[in-house]
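Taking mature numbering (1 follows the signal peptide of the UniProt record, and there is no 0), I'd label the letters of the sequence shown as residues -25 to -1, 1 to 359. Glycine is no exception: its CB is placed at the ideal position from the N, C-alpha and C atoms. Below is one structure, written out as structure tokens; the observations come after it.
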Amino acid sequence: MALEFTKFFPAAVLLIAIIASLASAQYNLPSVPALFILGDGTVDAGTNTYVNSTYQASVSPYGETFFGHAAGRFTNGRTLADFLAQSLGLPLVPPFVQPLGDHRHGANFASAGSGRLDSTGASRGVVSFKKQLQQLSSVMAVFKWRGKSNAETMLSESVFVISTGADDIANYIAQPSMKIPEQQFVQSLIATYKSGIETLYNHGARKIVVVELGPVGCFPQSKLAASRSSQGFRRFDCLEAANTLAKDVNTGLDDLAKTLSSQLTGIQLIVLKPYDLLMSTIRVPRASVGFVNSVDACCGAGPFNAAESCADSYTQRTSEYQPFLCPNPATYMFFDAAHFSEAAYLMMFKNFWHGDQSIATPFNLKDLFAGNAVPFPPLPPRFT
């Protein structure tokens, strides 16, 4: 026994030394100083709670799974932005408009219901993407006023995330009388992406992450709209006109990213591509990763639980529809008619972190942060 221990002891010491060395190396890497988030309800951290918007997630059951109460997020828990912040060891980034918000580690400007175009969501009092960029500019000015050199270093090492566009498509589809030609519509969205990315770059951003669109036509609200306009619409069908537009916008974004990456010195422009992952999961709910329903919203009322919003179904009870809340949101792809569940966001985030170029290009988030301390990296995704 003593001889066996003597043989084992050097190996154990070596293993401990290797682990300690790896931990020390991770500890000595620079941290990502801040996150700046722009976009829509996929990353909104509560902006709409603090502005005069009719589009709200300030009531239960929003937020219940993780926060235990409504937290201004249009899901039952965390968003993509929250998972990124936690992985990097940062506090959850507060809304820019939150009174007394601590913005030392960044700010969240995202507003659910907004889009790339100023007209998207305007009637609901949301914060447009243009306004979000103006708000970000004011934050950048404060950082630089406190010390330009330090600010430039901090901003170049920070991460800027843009996730928006689905509401533009939903708005375009819903208002046929106001339509411009589809190609012109797509080009107008790409033009706003271009100006937005260039604005961030001019402020000193060098790490920019853009999230492309998912299959917007398969969202419960799109299914409801399609079922009302087409007698032949089946439960598992999608609104293909919306999906086609989403794919066209994504193609334009791919081309734009390649162009800007070659033109803007020092930029690391990462494009995250959830469309195929989400479509495959929606078509086959993939029980192996926990989903059993990829058609209906977990919270809402009426067909697809999309005829009334999750919030309205509980705060404005109607006699027409009975409010519905699924017993386990983690088994649903969608939490409300237009937004994913926390479990779906986590599935996406894991794939964005570990995935190949089919889902993150030119490289994934893990490679983007290879030179930074990452205290809590996500586990690899489970595949079917």
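Item to complete: Indicate the three-state DSSP secondary structure (helix, strand or coil) for Pro(-16) in the structure shown.
Response: Note on Pro(-16): pLDDT 49, under 50, position unreliable in the model; the coordinate value appears next. Pro(-16) falls in the helix class under three-state DSSP.
Worksheet item: Do three or more CB pairs link the stretch 103 to 112 to the stretch 170 to 190 at distances below 8 angstroms?
Response: With contact defined as three or more Cβ pairs closer than 8 angstroms, the stretch 103 to 112 and the stretch 170 to 190 are in contact.
Discussion item. Just verifying my parser: in three-state terms, what is the DSSP assignment at Trp120?
Written reply: DSSP places Trp120 in helix when its eight states are reduced to three.
Worksheet item: Does the Cβ-Cβ distance between Leu108 and Phe118 come in under 8 angstroms?
Response: Contact flag unset, no.
Worksheet item: Looking only at its own chain, which residues have a Cβ that is under 6 angstroms from the Cβ of Pro352, when we skip the five neighbours before and after it?
Response: If we look at Pro352 and ignore the five residues flanking it on each side, its Cβ neighbours are Ser62.
Fill in: Burial state of Gln196 (16 or more Cβ within 10 Å)
Its Cβ being crowded by 16 or more others within 10 Å, Gln196 is buried.
Worksheet item: What do you get for Leu75, buried or exposed, if any count of 16 or more other CB atoms within 10 angstroms of its CB means buried?
Response: By the neighbour-count definition (other C-beta atoms within 10 Å, threshold 16), Leu75 is an exposed residue.
Worksheet item: Going by the beta-carbon positions, is the gap between Val101 and Tyr30 smaller than 8 angstroms?
Response: Closer than 8 angstroms, so yes.
Worksheet item: Count the other CB atoms within 10 Å of the CB of Leu10; is the residue buried (16 or more) or exposed (fewer)?
Response: By the 10 Å Cβ count, Leu10 comes out buried.
Worksheet item: Helix, strand or coil for Thr174 per DSSP?
Response: In the structure shown, the three-state DSSP call for Thr174 is helix.
Worksheet item: Do the CB positions of residue 365 and Ala221 come within less than 8 angstroms of each other?
Response: The chain is shown only over -25 to 359; residue 365 falls outside these bounds and no answer can be derived.
Practice prompt. On the DSSP bridge assignment, give the partners of Gln243 in chain order.
Written response: DSSP links Gln243 through a beta bridge to Lys182.
Worksheet item: Pairing CB atoms from the stretch 311 to 321 with CB atoms from the stretch 49 to 58, are three or more of them under 8 angstroms?
Response: These segments touch.
Worksheet entry | Own chain, CB closer than 8 angstroms to residue 427, minus 5 neighbours either side, in chain order | For residue 427 there is no data in the structure shown, the boundaries of the chain being -25 and 359.
Worksheet item: Of the residues Tyr250, Asp230, Phe42 and Ile257, which one's Cα is nearest the Cα of Phe211?
Response: Phe211 has its Cα closest to that of Ile257, out of Tyr250, Asp230, Phe42 and Ile257.
Discussion item. Taking the straight line between their C-alpha atoms, what separation do you get for Ser6 and Leu65?
Written reply: For Ser6 and Leu65, the distance between alpha carbons rounds to 9 angstroms.
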